[in-house]
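Structure first, then comments.
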Amino acid sequence: MAEKKSSSESKSQPQASGAKSVDYDFSAHERPFFEAWKDAGYFQRGEGFGKHKDDSYTIVIPPPNITGVLHMGHALNDTIQDACIRRARMQGYQTRWILGTDHAGIATQTKVDKHLAEQGINRREIGREKFIEACQEWREEYGTTIVNQIAAMGCSCDYADEKFTMSPEFSKAVRMVFTDWYHAGIIYRGKRIVNWCPSCTTAIADDEAEYQDEHGHLWYLRYPLKEPVDGRDYITVATTRPETMLGDTGVAVSPQDERYADLVGKTVILPLVNREIPIFSDFYVDKEFGTGFVKVTPAHDPNDFAMGERHGLEKINIFDETAHVVDGFGKFSGMDRDEAREAVVAAFDELGLLDHVEDLDHSVMHCYRCHSTLEPWLSEQWFVAVDALKEDALKVVEEDKITFYPPRWKSVYLDWLHNLKDWCISRQLWWGHRIPMYYCDACGWQDASVEPIATCPTCGHATRQDEDVLDTWFSSQLWPFATQGWSEAGNEAPDIKRYYPTEVLSTARDIMGLWVARMVMASMYCTGEIPFEKVIIHPTVMGADGKPMSKSRGNGVDPVQLMKDYGADGMRFGLLMQVTGAQAMRFDYQKIESSRNFANKIRNAARFVLMHLDGYIPGAPEPTTPADRWIFSRLAHLVAQVDTAFDAFEFGEVTRLLYSFFWNEFCDWYIEFSKSRLANEDDPADKLACQRNLLFVLETALRLLHPIMPFITEEIYQEMPDKNGGPWLIGAPWPDADALRAYIDNDAERSIDLVCEVVSAIRSARSRYGVSPREALNVFVQADAQDVVLLEAQSGLITSLGNTADLVIAEEVSRPAQSIVSLGSGIEVYTDLAGKVDFEAEAARLEKEKAKLAADCQKLEKKLSNEGFLAKAAPEIIAKDRARLADLQDKLERIERQQEELGF
RNA sequence: GGUCGGAUGGCGCAGCGGGAGCGCAGGUGCCUUACAAGCACAAGGUCGGGGGUUCAAAUCCCUCUCCGACCACCA
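Letter 68 of the first sequence, counting from 1, is numbered 526 in the working numbering, and no numbers are missing.
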């Protein structure tokens, strides 16, 4: 990396103005460090060290689809995981971040279909085997894209051991679980109404259906009675889907509906098809809605299906798999569902049976993949009976064996499981895990099997395997353990023994049920253990307009472009800055930009430290001055606070702590304090101490920043003279809050706070009167005896930062006539501005300040004279308020004295 | 219909029982030898409305208004 070091400085792009800025060209800097970490083996199973040596810390990445490209959701989620795993690695845990991709059944099949169609190839023409080959080829060509993008982010996953949900190891696990559950009666086959996508020609699960409100109509259709009842010769049903009447096998009324009680048991002649169907009563019907008559189509509506089951109705399927009307329906046969709707309505109209039409907004199910309108369709499918699985999954969360961050997601999880219905797992696709069911058509034998069964064990005939594949989530639910050798040795697999259960799972809220809950169910059943201890539900990244990012809205942001523009570090820090407990975060370029600026600030601060190392001799840091003790104390607080925030996964808080320490304390003050010491060649011992302390604080800060900004911190670390944390920062020990606690020093903090106050007072005076910072000023500071001692000891800092000529610090100073005053807590700072003071303006300023002080005083006095407060408030609160009041009163008195002296 | 989240300076957000903060924008002055992607100094808020609990409420409770999410869903 040595050659990188020199180039980084020469690479600075000169500004048009000729300013000496040092810009940082991210893209050129990041990749080499990534390769170096990889080559040094940090991405693979970590050995661990220190007190956590024997503890594992594993994360499984939510496997991105092989069809996917990195989007903002990944960028955020992968940053969170990398921050966690990098910190754990530095803390000495045995870390492992398992990387892999998901075969993504429907998504991939759709993409490959489209890809083939462009070449004029139809899936059905080339057949199943050839199509799967095409999918494999597609995966090899495009499936690496997202992994490369994850690498560009700097994610420290185990790239050498990449997993795939259709690898031989994984496929075996899928077959094992299917077979096991089949034999346990958890998986069963049934003819049910499922959500059918006529475009993907497959069933999808209930969770995969998306509801959208649409403008529609309610058609009122007349169905003639076979025999008139009390002069009535027809009834009227209301429907949003008139075309399904072709499959009607009954008409239902509410049992409470006395209007039609005498019609129950009568028969209706279904128009167009002339089918005789019964009128019956069923509790499902709401007599208030529509006409009170419900047409019942058991094959095309789940509620009608249930009614059909209850009343033994025939289930007539009128659609084929592409939602075209099947043969046997005359002119309607062959029409698609929309044509059929129009034709049916027209036919009713022609026959005078169309009563009337109303507008109705209703929600319609759409395929989450292709967004086609879903068709409730009767078909043979495989299901998972969830009741047997959900008990344990509920229990471990109810008992907090698994913790959610933020905690409110716990109830979302529990609610989802409580309402869970059986899960349709069969998909009529080619790309996916083929269901390991084997059938003998000769003797009717059938069984599930992990290994293929070619001939029937009963009669010896050739078997055939089920044509369907499994829902992608069926394999995804096995991800935390099937990636760790479970299919070879179960719980005895070395990785399972060492790295399972995993530590944290980080994901978006939208797959809480689809994935998170199912992983828990599967893991509890298959391994008897929870799959992870903590679940982070991060906010959803929205567009700048607060709406979900989408192509049609044009509010999307490409993380790859962000990394180009702001660097991976800038993007990572900027994203984490926005992570709060909220359910959504509005993407904010300004945060990314300020993070990029922060990265630049870090680079420049490091440059300052590293360019002032002449005469440096390695050695232990030692805080010798109050400034040293102050920054060490601040650092000790910082580490403890960062630990607390990190442990609670409060990433926004972590970034804020790091940002303000590094920028507002280390750069704004400590580095400024150091300048005079570094320039003073007369005291080489102090200069050396200063160098060592600068290096120590910088290095500690780099370690704290590294999990979030891995590249720039590593780059700087490589340029440092001592590598106290080992050859690479990625493997350096995480700062130990307990060890640093000894540096906490309240006296030093008070001392430097005073210095800052005086310096700020001088700067403020300058600014108000337009006095250049280069013009040295006479300054008189009045303080109590104790503070005089503290300030006297630091007068050098005040002189250099405030640029003072004469600096007098005493318990009583005589104020120069042409000076202005600034009142601090317990101190008064007089800045001599010979001839420049606008006394009227000063008087106005003092008056304003006085008014504010007086108001604050009054509030506090009232509070402190309140007996209830004195009796019930915590003693330390009372003491604090008393001290505050004393300070305010003191200030008020002094301000009044100032006014007198000024003669106002 | 059910559940949950949000409303804080111009914008985006943090804070969630005891002195209103951050980033960005805007203002003034600075090429101060690490950094103009910067430095310094100012300015800006009765914390959505109403009620309650408390010695004390931006923070807890109730209610209203307005946004947002998820679940369920009527033919």
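All residues carry an ideal CB built from backbone N, CA and C; glycine is no exception. Keep in mind that this is a model prediction, so the values were computed, not measured.
6 Å CB neighbourhood of residue i in its chain, flanking five on each side removed
i, result
"A1040", "P997"
"I564", "C658, R827"
"S1097", "Going by the sequence as given, residue 1097 is Val instead of Ser. These residues qualify, in order along the chain: P1193, A1195, L1198."
"F763", "I651, P756"
"Y718", "V711"
"P1079", "R1150, N1151, F1154"
"V854", "I860, I988"
8 Å CB neighbourhood of residue i in its chain, flanking five on each side removed
i, result
"Y500", "R547, S614, W1186, I1188, G1189"
"D688", "D720"
"I1202", "S1091, A1094, H1095"
"L1350", "K1308, L1311, A1312, C1315"
"T707", "R733, I735, V754, T755, P756, G766, L771, E772, K773, I774"
"W867", "R967, M970, V993, I995"
"D1141", "R1135"
Identified DSSP bridge partners for residue i
i, result
"T1238", "A quick correction: the sequence has Phe, not Thr, at residue 1238. Partner(s): V1266, Y1288."
"P1006", "M1000"
"E453", "Outside the shown range of the chain (459 to 1362) lies residue 453, about which nothing can therefore be said."
"V842", "I645, W881"
"C655", "T660"
"E576", "The partner list for E576 (beta bridge, DSSP) is empty, contrary to what the question assumes."
"D794", "H782"
"P834", "N653"
"H675", "D817"
"H824", "E668, T831"
"N523", "D560"
Contacts around residue i, its chain only, beta-carbon distance under 7 Å, and the 5 residues preceding and following it disregarded
i, result
"A498", "W1186"
"H814", "Y678"
Sub-8 Å separation of residue i and residue j beta-carbons
i, j, result
"A562", "T930", "yes"
"A906", "P894", "yes"
"R1061", "I1170", "yes"
"W654", "S869", "no"
"G1366", "R1011", "Because the chain is modelled from 459 through 1362, residue 1366 falls outside the range shown and cannot be assessed."
"D1245", "L1212", "yes"
"L771", "V754", "yes"
"L876", "L928", "Residue identity check: residue 876 is His in the sequence provided, not Leu. No, they are not a contact pair."
"A1057", "D1016", "no"
"I651", "L704", "no"
"E1111", "I1089", "no"
"V518", "T603", "no"
"I1285", "A1241", "yes"
"E991", "P952", "no"
"Q935", "A900", "no"
"L1235", "D1290", "yes"
"W555", "Q539", "yes"
"I1174", "A1064", "yes"
"V1229", "V1287", "no"
Near the ligand ATP: residue i beta-carbon under 7 Å from a heavy atom
i, result
"S837", "Among the components modelled here there is no ligand, and therefore nothing to report on the ligand ATP."
Inter-residue CB distance, residue i and residue j (contact presumed, cutoff 8 Å)
i, j, result
"S884", "W937", "Not confirmed; about 20 Å, so no contact."
"H673", "D817", "7 Å"
"V605", "E587", "Contact doesn't hold; Cβ gap of about 27 Å is too wide."
"L1068", "E1177", "6 Å"
"L1071", "Q1149", "6 Å"
"E856", "L878", "In fact, because the Cβ distance is near 15 Å, the residues do not count as touching under 8 Å."
"T1082", "D1144", "7 Å"
"T702", "T749", "The Cβ separation is near 17 Å, so there is no contact."
Under 8 Å, with one C-beta from each stretch per pair, do the segment 723-734 and the segment 669-688 reach the 3-pair mark? yes
Spell out a yes or no on whether the segment 1212-1220 and the segment 1244-1259 are touching, meaning 3 or more CB-CB pairs, one atom from each, closer than 8 Å. yes
Are the segment 843-853 and the segment 964-982 in contact at 8 Å, needing three or more beta carbon pairs? yes
Assess contact between the segment 1153-1170 and the segment 541-556, defined as three or more Cβ pairs (one per stretch) separated by less than 8 Å. Is contact present? yes
Counting beta carbon pairs with one atom in the segment 634-652 and one in the segment 565-579, are three or more of them shorter than 8 Å? no
Is the number of C-beta pairs between the segment 804-820 and the segment 733-745 that are closer than 8 Å three or more? no
Validate contact between the segment 500-517 and the segment 1120-1135 using beta carbons, cut 8 Å, 3 pairs: no
Tell me whether the segment 795-803 and the segment 605-614 touch, counting them as touching only if at least three CB pairs, one residue from each stretch, are closer than 8 Å. No: fewer than three Cβ pairs fall under 8 Å.
Please confirm if the segment 528-540 is in contact with the segment 488-497, defined as three or more CB-CB distances below 8 Å between the two stretches. no
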